[in-house]
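Peer 1: Pasting in a structure now, in structure tokens, and then I'll have a few things to ask.
There are 2 protein chains.
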Amino acid sequence: MNNRLCNILNIKSPIISGGMVWCSGWELASEVSNEGGLGLIGAGSMSPDVLREHIQKCKKATKNTFGVNIPLMNSNSPKHIDIVIEENVPVVFTSAGNPSTYTKKLVDNGIKVVHVIANEKFAFKAQEAGVSAVVCEGFEAGGHNGKEETTTLVLVNQLVGKLDIPIIAAGGIATGEQILAMMVIGAEGVQIGSLFAASRESSAHENFKRAVVSAKEGDTMLLLRNLSPTRLLKGNFFDSIKAAEDRGASKEELLNIIGVGKTKIGMFEGNLDEGELEIGQVSSMIDKIISVKDIFNNLRKEYSEAYLRMKSINELI
Amino acid sequence: MNNRLCNILNIKSPIISGGMVWCSGWELASEVSNEGGLGLIGAGSMSPDVLREHIQKCKKATKNTFGVNIPLMNSNSPKHIDIVIEENVPVVFTSAGNPSTYTKKLVDNGIKVVHVIANEKFAFKAQEAGVSAVVCEGFEAGGHNGKEETTTLVLVNQLVGKLDIPIIAAGGIATGEQILAMMVIGAEGVQIGSLFAASRESSAHENFKRAVVSAKEGDTMLLLRNLSPTRLLKGNFFDSIKAAEDRGASKEELLNIIGVGKTKIGMFEGNLDEGELEIGQVSSMIDKIISVKDIFNNLRKEYSEAYLRMKSINELI
């Protein structure tokens, strides 16, 4: 096995595809696992029945380890937890909630648990709750984000040596050089979102994928800082929220604009005008909709080239 | 010489201390250069006469290459440009302005010019203007910042292979591991701000330095997004601006709150209640006020350890 994280999760490559709403179905998850990484199914946009279906299809499509991401704030999360136990899912990533709520129950049922954090305080909380690793997700990441706005470069490095469990870096990663850089500052794996959200196997709508690969620098920004910080792709939905924030709108007004089901409209149904488009800052570096196989080939090539180049970097500064 | 950047700038180590207002006087700059890095004097908070005095003292205090950072938006910048030419300063970093304004004049006078950028567009503009290198300064950096909020991890990596000139990474860097990580994603040097702002040799007030080393995660945030994005340490000045922005204050109101000379009050006079405190996100990782010599010793030790540890990281993923 590659390193401590690979041993714990029983995977070949420490590359994890994020369990993203409307993107991470069984096709994406199973293909990432087939490539030797860890594919995650995103339960956040699934009803309990749909989640069960995706898990069962994923099992048929890969013999390798895969996992499910369960956002704990989701009202379906108690049912999602029961389903991953019933279906003997080997790995569960929990996010957006208290890591102590379900970690023991999952671990007692033989499941490896990883929790997603965006600050030091929750990293320690997760470790105390008994998780096997933490995902340190920085400011660059798409969708929901931490209030501290700590970037991946700072978040990962500040926790190394303080935590006993492995760190998975997330946010702003889309190249093999960046993966190696995260290893250098102490991570043992990476979770990649945007690059897989725009992959062929992503279940997102083609319109959304095209918008992601067309995004330029500055086209995603973090909004909703006083409510629940969220990184969004620019568009009509973004503009409405930005204008409301600039005029000092109340939380109630903002919640009203956000509405319900807007990520489905934008990311799954492909209505870019009305929908909410969650994606990471690194989408400015993603230019093509390609297969998971090609993504892994690229990442491995870039990583190896960066590793070789390392040797030409001076040992001393 | 260590690499291409070191050759161009005639320095031993590709570590540059940022030319920061109220922090970067001749004591800091000369000591960084004595350690083999490139020390920069920060002209932004200096009258022309004071700048000349600092340059002359710096020349006496080091035989090595040093430089001056000139923010071009500063009304004194034409005089600053004349002074660095008259005083034969070997290296000038320009920032906050158009790189084509003075680059040719400086280069014609035998000065190496480096320009600070926060986005891809200005990186190309700087290269076209004839600068020797660019500082790619990410969202993590203290003080004035780019509107795109691109982080160092993304900004540096997205420009590698596109620019012909060397890239200096800046923003969020305070450890040797982070320096090596920046080399891995393609930088050839780093510019470090906060760590040197809180050093013994920094000319900032002791109260400000203590505030920097006491800062915890989330204690600096970017404000003034619709005016001129600026990363500030939390405090009364920060709170006034944040409250005004939250209620949808106009640009005029914001400019009124910002006032004039507030960085001097906070950073140089040490009045933390009334002053403006500009510092980077990475101040959460800085715990002690130490000498430049100790900073270089730490960075070199961490860098070498990270370099050695690299050999235990798998060559393949």
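Taken in order, these protein sequences are the chains called Z and A. Heads up: the first sequence begins at -7 in the working numbering, then just goes up one per residue. Heads up: the second sequence begins at -7 in the working numbering, then just goes up one per residue. Quick reminder that beta carbons are idealized off the backbone N, C-alpha and C, glycines included.
1. List, in order along the chain, the chain Z residues whose C-beta lies closer than 8 angstroms to that of N248 of chain A?
2. Where are the alpha helix (DSSP H) runs, 4 residues long or more, that stay fully inside the stretch 206 to 246 of chain A, in chain order?
3. When we look at the beta-carbon of A235 of chain Z and count the other beta-carbons within 10 Å, is it buried (16 or more) or exposed?
4. Which value, in whole angstroms, describes the spacing of the CA atoms of N80 of chain Z and I103 of chain Z?
5. R292 of chain A CB to nearest chain Z CB: under 9 angstroms?
6. Thinking just about the alpha-carbon of each residue, which of Z:I75, Z:T57 and Z:G163 is nearest to the one in V108 of chain Z?
7. Under three-state DSSP, which class holds E19 of chain Z?
8. Taking the beta strand (DSSP E) that I75 of chain Z falls in, what are its first and last residues?
9. Using a Cβ-Cβ cutoff of less than 7 angstroms, which residues in the same chain neighbour K280 of chain A once the five nearest sequence positions on both sides are dropped?
10. Out of Z:I250, Z:I159 and Z:E268, point me to the one whose CA is closest to G258 of chain Z's CA.
11. Starting from F131 of chain A, follow its DSSP beta bridges and name the residues at the other end.
12. Taking 9 angstroms as the CB-CB limit, is G34 of chain Z close to chain A?
13. If you reduce the DSSP assignment to three classes, tell me which class I33 of chain Z lands in.
14. Check this for me: beta carbons of I62 of chain Z and K97 of chain Z, under 9 angstroms apart or not?
15. Does the CB of M238 of chain Z have a neighbour CB from chain A at under 9 angstroms?
16. Tell me the residue span of the alpha helix (DSSP H) that contains S186 of chain Z.
17. What are the boundary residues of the alpha helix (DSSP H) that I104 of chain Z is part of?
18. For S276 of chain A, would you say it is in contact with chain Z, using Cβ-to-Cβ distances shorter than 9 angstroms as the test?
19. Quick one: grab the DSSP three-state call for V42 of chain Z.
20. Of all the options A:G28, A:N26 and A:I8, which has the alpha carbon lying nearest to the alpha carbon of G34 of chain A?
21. Counting contacts by CB-CB distance shorter than 9 angstroms, is F116 of chain A in contact with chain Z?
22. With 9 angstroms as the threshold, decide whether the Cβ of S5 of chain A is near any Cβ in chain Z.
23. Is K201 of chain A buried or exposed, if buried means 16 or more other CB atoms sit within 10 Å of its CB?
24. Might you give, ordered along the chain, the residues of its own chain that have their beta carbon closer than 7 angstroms to the beta carbon of M38 of chain A, omitting 5 neighbours on each side?
25. Name the DSSP bridge partner or partners of P6 of chain Z?
26. In the DSSP assignment, find the unbroken beta strand (DSSP E) run with N61 of chain A in it and report its ends.
27. Quick one: does A241 of chain A have its CB under 9 angstroms from some CB of chain Z?
28. Of all the CB atoms in chain Z, is at least one closer than 9 angstroms to the CB of L187 of chain A?
29. Put S296 of chain A into one of helix, strand or coil per three-state DSSP.
30. DSSP three-state call for A161 of chain Z: helix, strand or coil?
31. What span of residues does the beta strand (DSSP E) with F116 of chain Z cover, start to end?
32. Could you give the distance in angstroms between the alpha-carbon of E244 of chain A and the alpha-carbon of I233 of chain A?
33. State yes or no: is the beta carbon of Y295 of chain A nearer than 9 angstroms to at least one beta carbon in chain Z?
34. Using the rule of at least 16 other Cβ atoms within 10 Å of the residue's Cβ for burial, across every protein chain shown, is E198 of chain Z buried or exposed?
35. Would L347 of chain A and P6 of chain A be called neighbours here (beta carbons separated by less than 9 angstroms)?
36. Would you say I305 of chain A reaches chain Z, if we count a Cβ-Cβ gap shorter than 9 angstroms as a contact?
Peer 2: In short, the structure shows the following:
1. None at all; the shortest Cβ gap to chain Z is about 17 angstroms.
2. Here the runs fully enclosed are 228 to 238.
3. It is exposed - the Cβ of A235 of chain Z has fewer than 16 other Cβ atoms within 10 Å.
4. Cα-Cα distance, rounded: 8 angstroms.
5. Chain Z contact via Cβ: present.
6. It is Z:G163.
7. Looking at E19 of chain Z - three-state DSSP - the assignment turns out to be helix.
8. Careful: I75 of chain Z lies outside any beta strand (DSSP E), inside the alpha helix (DSSP H) at S69 to E78.
9. Apart from sequence neighbours up to five positions away, the residues of its chain that approach K280 of chain A with a beta-carbon distance below 7 angstroms are V205, ordered along the chain.
10. Per the Cα distances, Z:E268.
11. According to DSSP, F131 of chain A bridges with nothing at all.
12. Interface with chain A (9 angstroms Cβ-Cβ cutoff): G34 of chain Z is excluded.
13. I33 of chain Z falls in the strand class under three-state DSSP.
14. Contact annotation: I62 of chain Z and K97 of chain Z have beta-carbon atoms that are not nearer than 9 angstroms.
15. One detail in the question is off: residue 238 of chain Z reads as Asp in this sequence, not Met. By this cut-off, D238 of chain Z is an interface position.
16. Its alpha helix (DSSP H) spans residues S186 to A189.
17. A small fix is needed here, since residue 104 of chain Z is Lys in this sequence, not Ile. Counting along the chain, K104 of chain Z sits inside no alpha helix (DSSP H); it lies in the beta strand (DSSP E) bounded by residues K104 to I109.
18. Among the residues facing chain Z, S276 of chain A is included, as its CB has a counterpart in that chain under 9 angstroms away.
19. Residue state, collapsed to three classes: helix.
20. Sorting A:G28, A:N26 and A:I8 by C-alpha distance to the C-alpha of G34 of chain A places A:I8 at the top.
21. With respect to chain Z, the C-beta atom of F116 of chain A has no partner C-beta closer than 9 angstroms.
22. Nearest CB-CB separation between S5 of chain A and chain Z: below the 9 angstroms threshold.
23. The residue is buried, with at least 16 neighbouring Cβ atoms inside 10 Å.
24. Leaving aside the five residues that flank M38 of chain A on each side, the residues in its chain whose CB is nearer than 7 angstroms to its CB run, in chain order, H46.
25. DSSP, once it has assigned bridges, lists no residue as partnering P6 of chain Z.
26. Start and end: F58 to P63.
27. Yes - at least one Cβ of chain Z is within 9 angstroms of the one on A241 of chain A.
28. L187 of chain A does not count as touching chain Z.
29. When DSSP states are grouped into helix, strand and coil, S296 of chain A belongs to the helix group.
30. Residue state, collapsed to three classes: strand.
31. Where F116 of chain Z is concerned, there is no enclosing beta strand (DSSP E), although the alpha helix (DSSP H) it sits in stretches over E112 to A121.
32. For E244 of chain A and I233 of chain A, the distance between alpha carbons rounds to 12 angstroms.
33. Among the CB atoms of chain Z, one or more fall inside 9 angstroms of the CB of Y295 of chain A.
34. Classified as exposed, E198 of chain Z has fewer than 16 neighbouring CB atoms from the shown chains inside 10 Å of its CB.
35. The first residue shown for chain A is -7 and the last is 309, placing residue 347 of chain A beyond what the model contains.
36. Judged by the 9 angstroms Cβ criterion, I305 of chain A is in contact with chain Z.
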